[in-house]
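Count the sequence shown with UniProt numbering and you get residues 1 to 389, in order.
Note that the Cβ used here is the ideal one computed from N, Cα and C, for glycine as well.
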Amino acid sequence: MHAERRPDSIPPINEAAVRAVDRALAALRRGEVVAIENTDGSIGAAVSVESVALDAVQRLKSLTGGTPSLAVTRRRAIVLGLLAEGEDDSPALSGSVVALGCVGGLTADQAHALADPEQRGEVVALPPGLTATLMDAHTRDAAAVDLARLARLLPAAITAAVADTNRSAADWAAEHDLLLVRARDVADYRVHVVRTLRRVADARVPLSGAENTRIFAFRPADGGPEHLAIVIGDPDPAQPVLARLHSECFTGDLLGSLRCDCGDQLRGAIAEIARLGSGVLLYLAQEGRGIGLVNKLRAYRIQDQGFDTVDANEILGFEADERVYLPAAEMLRQLGYDSVRLMTNNPEKLRQLARCGIAVVERVAHIFPANGHNEAYLRTKAERSGHMF
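Quick look at the structure:
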């Protein structure tokens with residue numbers, strides 16, 4: 001899981017930067033090339049591997065005059081056998097990526113094969129002369145991968161450096177009619193967006209077993225998905241509020257999937273908060289531990305081949321848990337709560353919420369029995385993610 005950045009650790013909100021990143025996300029999802037300005041002023045361009053058209057790599061090469069390479073997460077490079085577990089694993093390289101290249105540059109087919117979650121180190125055919133270079137967290141490659149991740153695509157991108165270094169990034173992007181985004185703005189995007197969260201609607205919504213309930217909707221300025229606060233009863237802001245952080249789960253919450261315990265946790269939390277009198281359940285738009293519904297379905301397919309949930313996320317190129325908790329902290333603050341009794345079995349939620357400035361005065365256990373289909377899932381959470389059962 002990524003450690004949260006404190007809101008006071010970055011500059012004030014730059015609305016133009018937020019808009020630029022948001023437009024870049026949409027462009028990547030359409031398979032378009034996006035220009036990226038590095039922190040040192042150099043220029044590059046990138047296109048998402050997942051949505052790349054067959055001729056996009058050649059266009060990228062023609063536009064930049066550079067050699068296309070593939071940027072993947074360190075986790076994906078480890079899966080491919082190109083980087084050893086723990087190699088160069090220092091805090092300074094947190095968020096770093098690996099650039100994969102070869103003489104003449106990679107083709108679209110080669111990039112697809114290297115990023116394809118169905119292809120792993122023991123079966124993927126590596127291009128001749130493939131090199132793997134670890135890049136730090138503030139480069140074109142890192143920004144391109146982060147953009148793909150934010151767009152809920154596979155975290156991989158084809159990138160190339162612009163050979164003409166005598167132009168400004170803005171001039172070069174304008175000449176080629178490309179959207180331009182700065183690497184530093186991509187790195188700060190999550191925190192900037194959280195700072196723009198605003199309450200946009202609320203209403204009384206009686207629930208079965210919790211009739212005195214009000215739902216508040218919070219929307220970020222980038223137009224992204226809303227987070228919801230389900231406030232049951234009348235919690236006293238002067239006292240630590242009983243709270244549950246619940247990441248949305250379409251398959252479990254709505255369809256009743258037996259592959260996880262999410263539906264039980266959601267309904268059980270509402271019932272327990274109502275039984276105890278009052279509290280807040282934050283329903284966070286972070287499907288699949290932050291990787292999105294499509295990638296969660298891909299992870300399920302990998303799990304069906306014998307891998308656990310942690311392995312599946314890592315084979316896709318993600319960390320075991322990609323969720324962030326700054327939105328939860330900001331919602332609690334706007335609702336008037338600065339301390340909580342947190343309903344969770346996940347010690348990382350305790351740590352991350354505290355890092356975000358919310359005092360966690362007590363952990364309240366939140367446990368449900370296995371259902372015959374999710375024993376391995378629950379065992380993995382306990383053994384590999386440290387959940388307390």
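- Query: Where does residue 49 land, buried or exposed, given buried means 16+ other C-beta within 10 angstroms?
  - Reply: buried
- Message: Given this structure, state the Cα-to-Cα distance separating residue 100 from residue 218, to the nearest angstrom.
- Response: 40 Å
- In its own chain, which residues sit with a C-beta less than 6 Å from the C-beta of residue 15, not counting the 5 before and 5 after it? none
- Message: Quick check: what's the CA-CA separation for residue 134 versus residue 293?
- Response: 29 Å
- Task: For the beta strand (DSSP E) holding residue 202, just list the boundary residues, first then last.
- Result: 198-204
- Local Cβ density within 10 Å of residue 321, reported as buried at 16 or more and exposed below that: buried
- Message: Is the separation between the beta-carbon of residue 237 and that of residue 362 shorter than 9 Å?
- Response: no
- Helix, strand or coil at residue 272 according to DSSP, with G and I counted as helix: helix
- Item | Pick from 27, 78, 333, 42 that is closest to residue 184, judged by C-alpha positions | 42
- Who does residue 391 pair with in a DSSP beta bridge? A query on residue 391 cannot be resolved here, the shown segment of the chain reaching from 1 to 389 and no further.
- Message: Please list the terminal residues of the continuous beta strand (DSSP E) segment that includes residue 330.
- Response: Counting along the chain, residue 330 falls outside any beta strand (DSSP E), though it belongs to the alpha helix (DSSP H) covering 326-335.
- Task: Count the other CB atoms, across all protein chains shown, that sit within 10 Å of the CB of residue 208; report buried if there are 16 or more and exposed otherwise.
- Result: exposed
- Item | residue 91 to residue 230 span [Cα, whole Å] | Here residue 91 scores only 45 on pLDDT, less than 50, and its place in the model should not be relied on; the value that follows carries that caveat. Those two C-alpha atoms are separated by around 37 Å.
- Kindly indicate the opening and closing residues of the beta strand (DSSP E) around residue 359. 359-364
- Query: Under 9 Å, do residue 73 and residue 128 count as touching if we go by C-beta distance?
  - Reply: no
- Identify whether residue 279 lies in helix, strand or coil by the three-state DSSP scheme. strand
- Query: In terms of residue numbering, what span does the beta strand (DSSP E) encompassing residue 101 cover?
  - Reply: 97-101
- Query: Who are residue 232's beta bridge partners in DSSP?
  - Reply: 213, 279
- Task: Note the first and the last residue of the continuous beta strand (DSSP E) segment covering residue 416.
- Result: Only positions 1 to 389 of the chain appear in this structure, which leaves residue 416 out of reach.
- Message: Our contact map puts residue 67 next to residue 45 with C-beta atoms below 8 Å; I'd like the distance itself, whole angstroms only.
- Response: Contact flag wrong, Cβ pair sits at about 12 Å.
- Item | Touching by the beta-carbon criterion (3+ pairs, under 8 Å), the region 273-289 and the region 241-253 | yes
- C-beta atoms of residue 323 and residue 351 nearer than 9 Å: no
- May I ask which residues mark the beginning and end of the beta strand (DSSP E) holding residue 176? Careful: residue 176 lies outside any beta strand (DSSP E) and carries neither H nor E.
- Query: In the structure shown, what three-state DSSP assignment does residue 8 receive?
  - Reply: Residue confidence is low: residue 8 scores 47 on pLDDT, short of 50, so the model does not pin down where it sits. Its coordinate-derived value is still stated next. In this structure, residue 8 counts as helix in the three-state DSSP scheme.
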